[in-house]
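Notes follow once the structure below has been shown.
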Amino acid sequence: MAGKKDHEFKKLVIVESPAKARKIGGYLGDGYIVEASVGHIRDLPQRAADIPKEVKKLAWSKEGVDIDNDFAPLYVINPDKRAKVAELKELMKQADEILLATDEDREGEAIAWHLVEVLQPKIPIKRMVFNEITEEAILAAVENTRDLDYNLIDAQETRRVLDRLYGYRLSPVLWKKVMPRISAGRVQSVATRLIVEKERERMAFISSGWWDITAATALGFNARLLSVEGKKVAATSDFGADGAVKEKSLADILLLDETGAKALVSALEGTPLIVKSMEESPRTERPKPPFTTSTMQQDAGSRLGWGAQITMRIAQRLYENGYITYMRTDSINLSEQAIKAARAAAKSLYGADHVYETPRVYQGKTKNAQEAHEAIRPAGDTFKTPGELAPELSRDEFALYDLIWKRTVASQMADAKKMQMRVDFDVATSSGENAIFRANGSVITFAGFLAAYDEVATDENKDEESADRRLPAMALGQSVPINEYTCEGHETKPPARYTEPTLVKKLEELGIGRPSTFASIIQTIQDRGYVNKRGRALVPTFLAFSVTGLLETHFTKLVDYDFTASMEEDLDKIAAGEAGRVDWLRDFYYGVDGQPGLNELSLDLGNIDARATNTMNLSDVIEIRVGRYGAYLQENFEDGERKLANIPENLAPDELTLALAIELLAAPSGERELGLDPVTGFEVVAKSGRFGPYISEIFPEEPVELNDKGEPKKKRKKKDAPKPKTASLLSTMSLDTITLDDALQLLSLPRVLGTNSLGEEITVQNGRYGPYLKAGADSRTLTSEEQLFAITLDEALDIYSKPKERRRGVAKPPLKELGADPGTEKQVIIKDGRFGMYVTDGETNATLRRGDTLEAMTLERGLELLAGRRAWEAENGPSPKKSRKKAAP
0 MAGKKDHEFK KLVIVESPAK ARKIGGYLGD GYIVEASVGH IRDLPQRAAD IPKEVKKLAW
60 SKEGVDIDND FAPLYVINPD KRAKVAELKE LMKQADEILL ATDEDREGEA IAWHLVEVLQ
120 PKIPIKRMVF NEITEEAILA AVENTRDLDY NLIDAQETRR VLDRLYGYRL SPVLWKKVMP
180 RISAGRVQSV ATRLIVEKER ERMAFISSGW WDITAATALG FNARLLSVEG KKVAATSDFG
240 ADGAVKEKSL ADILLLDETG AKALVSALEG TPLIVKSMEE SPRTERPKPP FTTSTMQQDA
300 GSRLGWGAQI TMRIAQRLYE NGYITYMRTD SINLSEQAIK AARAAAKSLY GADHVYETPR
360 VYQGKTKNAQ EAHEAIRPAG DTFKTPGELA PELSRDEFAL YDLIWKRTVA SQMADAKKMQ
420 MRVDFDVATS SGENAIFRAN GSVITFAGFL AAYDEVATDE NKDEESADRR LPAMALGQSV
480 PINEYTCEGH ETKPPARYTE PTLVKKLEEL GIGRPSTFAS IIQTIQDRGY VNKRGRALVP
540 TFLAFSVTGL LETHFTKLVD YDFTASMEED LDKIAAGEAG RVDWLRDFYY GVDGQPGLNE
600 LSLDLGNIDA RATNTMNLSD VIEIRVGRYG AYLQENFEDG ERKLANIPEN LAPDELTLAL
660 AIELLAAPSG ERELGLDPVT GFEVVAKSGR FGPYISEIFP EEPVELNDKG EPKKKRKKKD
720 APKPKTASLL STMSLDTITL DDALQLLSLP RVLGTNSLGE EITVQNGRYG PYLKAGADSR
780 TLTSEEQLFA ITLDEALDIY SKPKERRRGV AKPPLKELGA DPGTEKQVII KDGRFGMYVT
840 DGETNATLRR GDTLEAMTLE RGLELLAGRR AWEAENGPSP KKSRKKAAP
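Just so you know, numbering that gives the first Met the number 0 puts the end of the sequence shown at 888, numbered straight through with nothing missing.
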């Protein structure tokens, strides 16, 4: 007699993403249910409505951390994941075992733990881990499960609590002292500080000029003037980061100006160079190790022009579809299987002589062996070439896979061999002075790994003197004819701003952030308004200067690079089981060894001078101020009067010189008094606003009422209090010429024309996209602004009597042509659309981001925006096209 209805139980495999679920489900087949949690199902409360009633009145509930109870976090199920939790509980009823197959890092381990805590399964639970999504790896992972790693879970929870306390304690300080609705973050504030410091260097930079001389020889190479009468001619290396000549170089160099350089060219004219000395030296270059997360982001930035966020989105797709190994790693190690695959690929494609004689083993700096994944590499025990996968991959996926494949294969290839050459030449000027010219050359004698992965010159490693070029054979004492001597002026350049790749590199050098956080850090500081992108450069806003200045002055320790790096190391120790979560959080919060902790620092707000925090002095009387609505200039006069001027939104801090500030302050204020409205008696003014010129009525000031202490009473604004009427100027109007009559006419809009047969009021209005008619929910576009005041009810009724048609105007010409995409040869242009400027290649459109200006847009930046849009569409699908309703027959 059967006690229960017989049925087949299955194993429930839970992963993070639907794409990963589909791929793994295909490998496991029958007997398994594979479902995605779609990321975290539980987290600290994000808003007051998420806090359970039973703890809502407790003082700590808003922060979501019970500090007095060993920093216990308050976890709540994300509201948008409740349906997913219910679905997983139903699937669990069909299973006899759960395999938690989330990513093998701290975040993945935490997701798995939260699933257990919420689902409360009564069936066995196992942790299934893998580094790549191939059939072999997945089947092996099923057979080799383990328990949850509570050290990793503790490390993730410590980081989450730490970041919550940091943000919730410091952000309110910024709201009170700088601007509402901005935030501080443990790593984002340090990253912002780096970018601000770089801008300060640029602001302190003073450009210096120098000239040099080049000899174009008849043998087809150029030589540069090295010295005159034994004194070295100034070159880039003689100038410091501040733009001035280095002190130690001052007495030893010849600093040519334009007059001196031209005189020297005249004195050299027609004189051949005489070979004085020749040197040849062999040079060996080793390949770089395989990619870590940060080096992949840096290389994709340098070679493909992508930001960190775009790179990680595309890498995520490659991983989830089984093309590469896990993409969040700081390891440069390769498994034995991967080394064999890389060496086999190199031998097959480039020959046995291009493979290093023994397997190369790279030693990295991974702090936590439990999290030491492999480097990022092609998946599997044989590496498919990019060409083999081209039909399966999108354009961007192919570009990134190609980089990963080349870097991995090159890492097991032979050294490249080069021969460097240096030739010095004597020449005498017409006045008898001895000058020395020098030519450098380099030639590859054996390509080695360069056959697979060629190096890319960047601003940091570019060296014009050792550029790859072959010099002809010459003999000592040989006379080399000169086609011409030329001179050229140069100016020192300020330190280059960080780009996303170079910022990632700097953060990694400082030990700040981890593979899983680099991309989100950079995105966050842009989303918060601290940084804009100009081309690929990261430009801080004036708001970033205020916030960074406040944190540096009053919370020095919390934005100290070494302290932030030490926190990362401590979290690694917790992950390795070498430190305890509660003890560490207690030290951070309350302080240790006499040093104040976060709690004490965040309570001492009285000493913070908000005015000083938000003021930067350009001179004794002109200041840059950061206010609630942005940055502006203020000029202070002796009589106490002051003059204000807005700072253009896209002006970089290093571009705001004293001279420009004076010019901005001297410009018309952008406000004109037009007169009084004869009906209301209110004053009418024309102003320049953020979205263009407009007119507004001004309410008279209410009399000031005093309290018992003789101080002005604070009045609360009523929600239903009337607001001044405003109206945008028409395209034919100018702020300088608009009259009171014009303004009153604009303020009279919307204009009522009458009613239709349904009794609905028909009005004519001026909207964001031009003039239109409105009757009930039905609106019709008008063809000209003149109709706003000229159209009659009969004309409006005639328009409504016809079927609604979509306006199709003549296509607007592009605002700017950026050039051809080297990958597709499609022209990339910038156009003006309904929602602002956007870049397009005719197939993909991407809106320009905050900080992007038409003048500063480059092809490189355009391609980055398009790649980002393609990555977004690959995850979310293309934006749906709005279908037009067909007119009734």
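A virtual CB, placed ideally from N, CA and C, is assigned to each residue, including glycine.
### Segment contact, 8 angstroms Cβ cut-off, at least three pairs: the stretch 823-838 with the stretch 276-290
Counting Cβ pairs under 8 angstroms, fewer than three are found: no touch.
#### Entry: N-terminal and C-terminal residue of the alpha helix (DSSP H) that A20 is part of
Per DSSP, the unbroken alpha helix (DSSP H) holding A20 starts and ends at 17-27.
### Query
CB-CB under 8 angstroms to E784, same chain, minus the five flanking residues each way: which ones, in chain order?
Within the same chain, Cβ atoms closer than 8 angstroms to the Cβ of E784 are found at L729, S730, T731, N765, G769, P770, the five residues on either side in sequence being excluded.
### Query
Does DSSP put E483 in a helix, a strand or coil?
Residue state for E483 is assigned as strand, using DSSP reduced to three classes.
### Query
Is it the case that the Cβ atoms of L147 and W174 are separated by a distance below 8 angstroms?
No; because the gap between Cβ atoms is not below 8 angstroms, this pair is not in contact.
### Task
May I have the straight-line CA-CA distance separating V189 from S265, to the nearest angstrom?
Within the model, the alpha-carbon separation for V189 versus S265 is close to 54 angstroms.
### Message
Using CA atoms only, rank isn't needed, just tell me which of T283, G25, I621, A578 is closest to E637.
### Response
Nearest of T283, G25, I621, A578 to E637, Cα basis: I621.
#### Entry: Euclidean distance between Cα positions of I403 and A71
One Cα belongs to I403, the other to A71, and the distance between them is close to 42 angstroms.
### Query
Which partner residues of N616 appear in the DSSP bridge assignment?
Paired residue(s): E622.
### Task
Rounded to whole angstroms, what's the CA-CA distance from G679 to A789? Just pull it up for me.
Before going on, a small fix: residue 679 reads as Thr here, not Gly. Cα to Cα, T679 sits roughly 25 angstroms from A789.
### Query
The alpha helix (DSSP H) spanning W210 covers which residue range?
Looking at the DSSP string, W210 is not in any alpha helix (DSSP H); the run it does join, the beta strand (DSSP E), is 208-216.
### Nearest residue (CA-CA) to R585, options I66, L399, A18, M856
Closest by alpha carbon: I66.
#### Entry: Cross-strand partners of Q826 (DSSP beta bridge)
According to DSSP, Q826 shares a beta bridge with A819.
### Query
L475: buried (16+ other C-beta within 10 angstroms of its C-beta) or exposed?
Burial call: exposed.
### Message
Under DSSP, the alpha helix (DSSP H) around Y529 begins and ends at which residues?
### Response
Looking at the DSSP string, Y529 is not in any alpha helix (DSSP H), and its letter there is neither H nor E.
### Query
Taking all protein chains shown into account, do 16 or more other C-beta atoms lie within 10 angstroms of the C-beta of G25, making it buried, or fewer, making it exposed?
Here G25 is exposed. Its C-beta has fewer than 16 other C-beta atoms within 10 Å.
### Query
DSSP beta-bridge partners for F774?
According to the sequence shown, residue 774 is Ala rather than Phe. Paired residue(s): I761, D777.
### Those runs of the beta strand (DSSP E) which lie wholly inside the stretch 400-456 and span at least 3 residues
Correct list: 415-427, 433-445.
### Query
Can you list, in chain order, the residues of its chain whose CB lies under 6 angstroms from that of S601, leaving out five sequence neighbours each side?
Cβ within range, chain order: R168.
### Query
So, helix, strand or coil for F129, using DSSP?
Reduced to three states, the DSSP call for F129 is coil.
### Query
What number of angstroms, rounded off, separates the C-alpha of L470 from the C-alpha of L253?
Roughly 28 angstroms between the two C-alpha positions.
### Task
Identify which residue in A340, I309, V115 has its Cα closest to the Cα of L864.
I309 is the residue among A340, I309, V115 whose C-alpha sits nearest the C-alpha of L864.
### Query
Run through DSSP, which three-state label would V683 get?
In the structure shown, V683 sits in a strand (DSSP, three-state: E or B).
### Query
From P385 to Y400, what does the alpha carbon distance come to, in whole angstroms?
Each residue's Cα considered, the two are about 7 angstroms apart.
### Query
Can you find at least 3 beta carbon pairs, one from the stretch 148-156 and one from the stretch 38-58, that sit closer than 8 angstroms?
Taking 8 angstroms as the limit for Cβ pairs, the verdict is that the stretch 38-58 does not touch the stretch 148-156.
### Query
Which residues in the same chain have their Cβ closer than 8 angstroms to the Cβ of E15, if we skip the five residues on either side of it in sequence?
Setting aside the 5 residues that flank it on each side, E15 is surrounded in the same chain by A35, S36, V37, G38, T101, D102, G107, I110, each with a C-beta closer than 8 angstroms to its C-beta; the list follows chain order.
### Query
Ends of the alpha helix (DSSP H) at Y693?
No alpha helix (DSSP H) contains Y693, which is instead part of the beta strand (DSSP E) from 691-697.
### Query
Relative to the C-alpha of D561, which residue among L118, L193, Y74, V115 is closest?
Looking at the Cα atoms, L193 is the closest of the given residues.
### Query
Who are the near neighbours of E463 in its chain, counting only those whose CB is closer than 7 angstroms to its CB and skipping five residues on each side?
Low per-residue confidence applies at E463: pLDDT is 44, beneath 50, and the placement is therefore not dependable enough to give any value.
### Query
Start and end of the alpha helix (DSSP H) containing S601?
597-602 is the span of the alpha helix (DSSP H), which, as asked, contains S601.
### Message
Just to confirm, is the Cβ distance from K416 to F448 under 8 angstroms?
### Response
No, the pair does not count as a contact, with Cβ atoms beyond the cut-off.
### Task
Would you please state the rounded distance, in angstroms, between the beta carbons of I623 and L663? I believe it to be under 8 angstroms.
About 11 angstroms separates the beta carbon of I623 from that of L663, a gap too long to meet the 8 angstroms contact definition.
#### Entry: Secondary structure of H489, DSSP reduced to three states
Per DSSP, reduced to three states, the secondary structure at H489 is strand.
### Query
Which class does P377 belong to by DSSP, given the choice of helix, strand or coil?
If DSSP states are grouped into helix, strand and coil, P377 belongs with the strands.
### Task
Under 8 angstroms by Cβ, that's how I've got D329 and T291 pegged, so tell me the actual separation to the nearest angstrom.
Yes, D329 and T291 are in contact; Cβ-Cβ is about 5 angstroms, under 8 angstroms.
#### Entry: Whole-angstrom distance between S410 and I338, CA atom to CA atom
If I take the Cα positions, the gap works out to 9 angstroms.
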